[in-house]
Amino acid sequence: LWIYQEIIFKTQPDIIIETGTNKGGSALFLANICDLLDSGHIITIDFANMENRPIHPRIHYLQGDSVNEKLILEIKKIMDQINSDPKRKVMVILDDDHSEKHVFEEMKVYGTFVTLGNYMIVEDTSMGGHPVWPELKGGPMESVQKYMSLYDDFEIDLSCEKFLLTFNPNGY
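First residue of the sequence shown? That's 1 in our numbering, and the numbers climb one at a time after it.
Here it is, written out as structure tokens:
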């Protein structure tokens, strides 16, 4: 979370898209950081519709498969309602289904939303034996490796790993 607030302060995103809402704690954290900056909105997506998620005027909850075409269109619609400026700044955090296939699909879809100078963060790249949960065969780390080998629109920012312990190695 410390790294997230540093990134948000540095990049000042108008919109943060998050996949993997769960109970909404990270969405609320992001919204509170945006409050401090007096700018920004969170669009957060999850398969499940959990009860008692935090209510905040900067948070927009969506339910469904994060790579579903209809949901992607809904995200674009909400983005235009929030801020229709073509120069709006967008950041993405992927923390949904952790299978290699799903994360890779999310990276392909949501990578197109991220604006120059901003971040697409892939969470939990430490899974799959990198170094934790070795039983997971193919996960977020493999998705990042595959994406980076096929596309050149992002670079890994190792400065976000300055505390030497992260759940997201090579995920920034």
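The beta-carbon is built from N, C-alpha and C at its ideal position, and this holds for glycine as well.
Check: Where residue 168 falls, given that 16 or more other Cβ within 10 Å makes a residue buried; Outcome: buried
Check: Beta strand (DSSP E) segments (min. 3 residues) lying fully within the segment 84-150; Outcome: 90-94 and 120-122
Check: Exposure of residue 116, with buried meaning 16 or more beta-carbon neighbours within 10 Å; Outcome: exposed
Check: Opening and closing residue of the beta strand (DSSP E) in which residue 63 lies; Outcome: 59-63
Check: Three-pair Cβ contact test at 8 Å for the segment 46-53 versus the segment 4-23; Outcome: yes
Check: Residues near residue 96 in its chain [Cβ-Cβ closer than 8 Å; skip 5 each side]; Outcome: 19, 20, 45, 46, 47, 66, 102, 103 and 106
Check: Residue closest to residue 100, alpha-carbon to alpha-carbon, out of 68, 91, 144 and 132; Outcome: 144
Check: Cutoff 6 Å; reference residue 64; Cβ partners in own chain excluding five residues on either side; Outcome: 71
Check: Three-state class that DSSP yields for residue 166 in the structure shown; Outcome: coil
Check: Where residue 125 falls, given that 16 or more other Cβ within 10 Å makes a residue buried; Outcome: buried
Check: CB of residue 91 within 8 Å of CB of residue 43, strictly; Outcome: no
Check: Rounded C-alpha distance that separates residue 149 from residue 155; Outcome: 11 Å
Check: Backbone secondary structure at residue 8 - three-state DSSP; Outcome: helix
Check: Three-state class that DSSP yields for residue 155 in the structure shown; Outcome: coil
Check: Between the CA atoms of residue 98 and residue 87 - distance to the nearest angstrom; Outcome: 31 Å
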